[in-house]
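Once you know that position 404 of the sequence shown is 403 in numbering that gives the first Met the number 0, the rest is easy, because the numbers rise by one and skip nothing.
The beta carbon of each residue, even a glycine, is placed where N, CA and C say it ideally should be.
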Amino acid sequence: MRKFNTTGPCFPDEHYMLPALDRLPGVRELAAGGNYFVIHAPRQTGKTTVLKELVREINGKGEMFALYCSLETLQNRSDPEKTNIAIRDLIADNVEMSPFYVPVPNAPALRSDRGGIGLAVRTVLQNVCRAAGKPVGVFFDEADCLVGDALISFLRQLRDGYVNRDTMPFPKSVALVGMLDVRDYKAQIRPDGESFGQVSPFNIIAKDMLMPNFMETEIAALYSQHTAETGQVFADGVIEDVWQLTRGQPWLVNAIGCECVEEIHGFRYGENITVEDVEAAKEAIIRRRDTHVDSLMERMREPRVRRIVEPLVLGQGLTVSRNSEDFRYVIDLGLLREDELKRVVPANPMYAEIIGRYLTRDEQDDMQSSIPETPWVKDDGLDMAGLMAAFQRFWRENSGADRDIMGYREAVPHLVLMAFLQRVTNGGGHINREMALGTGRLDLCVEFRGARYAIEVKTSDNFQGEKSYDQCARYLDTLGLSEAWMPIFEKSKDKSWDEKIYSRDVAFGGKTIHLVGL
């Protein structure tokens with residue numbers, strides 16, 4: 000019985016999967032046409048699965064010898080000589096283990112030292128081409144593991160072999176596959192704008208291909224494989240809900256399917272999978288912090304990620320260029336994306352939830368002993384007025400000037416409020432977070448025991464009176480609600496707490512907006 004895969008590349012006899020090469024149109028033609036190219040995408044989106052299928056298909060036709068070689072074990076190595084030898088041995092090992100490798104008579108030894116250590120990669124690739132007796136394609140997975148001088152040496156040897164293919168044997172096609180696109184490779188090896196001079200190792204790259212997420216129709220096709228094999232039905236609304244939560248991120252799509260089938264329903268295939276199951280699966284995945292989630296969130300500590308994510312939480316404008324290395328890096332991580340309106344937002348609602356919870360997890364832990372869960376809980380929801388008054392007291396007592404949360408100093412007020420709300424809603428509800436650069440606010444929707452509460456967070460320097468009320472009223476319209484709470488954090492150091500702390504209601508456009516001074 001096949002299953003939803005969350006642990007590595009997919010195999011057709013073990014996992015539900017879409018036709019791998021159909022997900023990257025044109026890749027067959029690039030390889031067959033003798034091109035050197037880049038494939039990039041965030042972690043666990045299917046790159047390795049595509050690469051292995053491409054190698055199997057090419058070798059199955061017999062006209063060309065294709066080799067898969069992962070550089071994952073060379074993570075962050077920068078010594079070029081040691082790395083050259085390591086890559087040489089990886090290539091030779093993979094060739095010798097390939098069932099499709101049939102060396103011609105008098106084939107050269109793959110690990111020949113001809114040319115010296117500085118050309119060890121070029122030499123082994125030449126030897127493979129001589130030994131194979133047919134055109135060769137080499138596809139390097141996790142190529143972005145190489146850094147610094149080791150990466151420069153590797154790329155220069157590829158370029159040297161490529162431009163001299165008319166006089167010496169060398170691979171017909173080479174792919175570099177990883178998270179990074181061509182611009183990121185260039186940024187890694189050209190610190191501070193250092194020039195390559197007249198010869199760039201990147202002018203041999205024919206195309207940079209982005210591995211896409213699933214479309215909604217592809218989620219349906221993937222899940223239908225499970226139904227066809229087990230008879231277990233995904234109820235109306237499930238596919239749409241999974242699409243909305245994940246935006247087609249392949250690992251998340253598979254993780255939700257796996258959680259619903261194996262954990263929530265315990266392989267009881269006679270039970271339909273419902274929208275409520277999907278919501279429960281989402282919550283379990285976020286709370287469990289699987290490796291995929293944890294490794295992505297650890298990136299949040301990196302200064303170049305923080306430079307993009309902190310303004311996102313605050314709703315501020317982008318503080319770096321969209322062409323900058325920092326911005327491209329965060330996009331390539333798959334953490335954020337540009338939406339249809341060109342706004343920078345979390346890559347999907349699940350990541351928005353994970354970002355909010357990750358940045359506030361230590362605060363939540365600290366609040367366990369000081370924040371009771373029950374005073375604001377009612378049978379039909381929450382006493383929001385009482386809850387906000389309690390947060391005013393908490394903020395007055397705990398907002399020291401030197402407070403810091405993982406380096407996100409500017410976002411501390413927003414993060415502490417989210418931690419407070421998360422602490423209160425744990426076990427009985429959840430928080431939907433809407434974050435976008437340039438909006439001037441953070442929108443939250445607390446759902447608890449069937450009731451919903453809109454919260455629009457502001458700071459005193461981006462509160463604009465009627466314009467802010469109009470923003471809030473439009474947010475309420477999208478939620479179908481008539482009232483919202485607007486916490487406004489005072490940025491001025493000169494105001495006293497008595498001036499900062501206030502509560503008053505504003506009627507605007509048929510809505511009630513409860514202002515909460517902080």
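For this session: Leaving out five residues on either side along the sequence, give the residues of the same chain with a beta carbon under 8 Å from the beta carbon of G117.
Result: P79, E80, N83 and S152
Exercise. Can you tell which of M405, G45 and N425 has its C-alpha closest to the C-alpha of W375?
Worked result: N425
For this session: Name the residue from A149, F169 and R164 whose alpha carbon lies nearest to the alpha carbon of A131.
Result: F169
Problem set entry | Top-ranked residue by Cα proximity to F3, from D325, R336, D469 and Y222 | Y222
Exercise. Where does G8 fall in DSSP's three states?
Worked result: Per the sequence shown, the amino acid found at residue 8 is Pro instead of Gly. Residue state, collapsed to three classes: coil.
For this session: In the DSSP assignment, find the alpha helix (DSSP H) that holds F462 and state where it starts and stops.
Result: Unbroken run through F462: none, as it is neither H nor E.
For this session: Can you say whether S172 is buried or exposed, counting buried as having 16 or more other CB atoms within 10 angstroms of its CB?
Result: buried
For this session: Please report how far the alpha carbon of I330 lies from the alpha carbon of E262, in whole angstroms.
Result: 32 Å
Exercise. Hey, how far is the Cα of Q197 from the Cα of E352?
Worked result: Below a pLDDT of 50, predicted positions are generally treated as unreliable, and Q197, at 45, falls in that range; the measurement from the model is reported next regardless. Near 47 Å, if we compare the C-alpha coordinates of E352 and Q197.
Problem set entry | Buried/exposed call for G437, threshold 16 Cβ in 10 Å | exposed
Exercise. So P345 is in the beta strand (DSSP E); what residue range does that whole segment cover?
Worked result: Element bounds for P345: V343 to P345.
Exercise. Can you find at least 3 beta carbon pairs, one from the segment 28 to 47 and one from the segment 98 to 115, that sit closer than 8 Å?
Worked result: no
Exercise. Between the segment 298 to 315 and the segment 265 to 277, do three or more beta carbon pairs fall short of 8 Å?
Worked result: no
For this session: Compute the Euclidean distance between the alpha carbons of N212 and K492, then round it to the nearest angstrom.
Result: In this structure, the alpha-carbon of N212 lies about 46 Å from that of K492.
Problem set entry | Opening and closing residue of the beta strand (DSSP E) in which R503 lies | S502 to F507
For this session: Drop a sphere of 10 angstroms on the beta-carbon of E455, count the other beta-carbons inside from all chains shown, and report buried for 16 or more, exposed for fewer.
Result: buried
Problem set entry | Exposure label - G62; buried when at least 16 CB within 10 Å | Strictly speaking, residue 62 in this sequence is Glu, with Gly absent from that position. With fewer than 16 other Cβ atoms within 10 Å, it is exposed.
Problem set entry | DSSP state of E337 mapped onto helix, strand, coil | strand
For this session: Could you spell out where the alpha helix (DSSP H) holding Y35 opens and where it closes?
Result: Unbroken run through Y35 is the beta strand (DSSP E), Y35 to H39; no alpha helix (DSSP H).
Problem set entry | Contacting residues, own chain, Cβ-Cβ under 6 Å from R76 (five flanking each side not counted) | Its chain contains T82 and A149 as the residues whose beta carbon lies nearer than 6 Å to that of R76, once the 5 sequence neighbours on both sides are disregarded; these appear in chain order.
Problem set entry | Y67 versus L53: straight-line alpha-carbon distance, rounded | 9 Å
Exercise. What distance in whole Å lies between the Cβ atoms of R27 and L17, which are believed to be in contact at a cut-off of 8 Å?
Worked result: Not confirmed; about 16 Å, so no contact.
Problem set entry | Length of the line joining the Cα atoms of E433 and R451 | 15 Å
Exercise. Does the count of Cβ pairs from the segment 244 to 258 and the segment 203 to 220 closer than 8 Å reach three?
Worked result: yes
Exercise. Can you tell me the Cα-Cα spacing of V344 and A279, whole angstroms?
Worked result: C-alpha separation (whole angstroms): 24 Å.
Exercise. Anyone know if the C-beta pair for E71 and C144 falls short of 8 Å?
Worked result: The Cβ-Cβ distance between E71 and C144 falls below 8 Å.
Exercise. Taking C-alpha atoms, which residue in L414, L381, T48 and D112 lies nearest to L313?
Worked result: L414
For this session: State the CB to CB distance for the pair P412 and F488, rounded to an integer number of angstroms; the pair is presumed to be in contact (CB under 8 Å).
Result: That belief holds up - the Cβ atoms of P412 and F488 are roughly 4 Å apart, short of 8 Å.
Problem set entry | When C471, V120, R287 and N253 are compared against I512, the one with the closest alpha-carbon | C471
For this session: Pick helix, strand or coil for R246, following the three-state DSSP scheme.
Result: coil
Exercise. What residues are listed by DSSP as bridge partners for Y268?
Worked result: Y268 pairs with nothing; no bridge assigned.
Exercise. Beta-carbon separation of K499 and L475 under 8 Å?
Worked result: no
Problem set entry | Own chain residues within Cβ distance below 6 Å of I90, not counting five before or after | By the criterion of a C-beta distance shorter than 6 Å, I90 is surrounded in its chain by C68 and V123, once the five residues flanking it on both sides are discounted.
Problem set entry | Three-state class that DSSP yields for D140 in the structure shown | In the displayed model, D140 falls within a strand according to three-state DSSP.
Exercise. Any idea what DSSP makes of A108, helix, strand or coil?
Worked result: coil
Exercise. Ordered along the chain, which non-local residues of its own chain (more than five positions away) have a Cβ less than 7 Å from that of R113?
Worked result: T122
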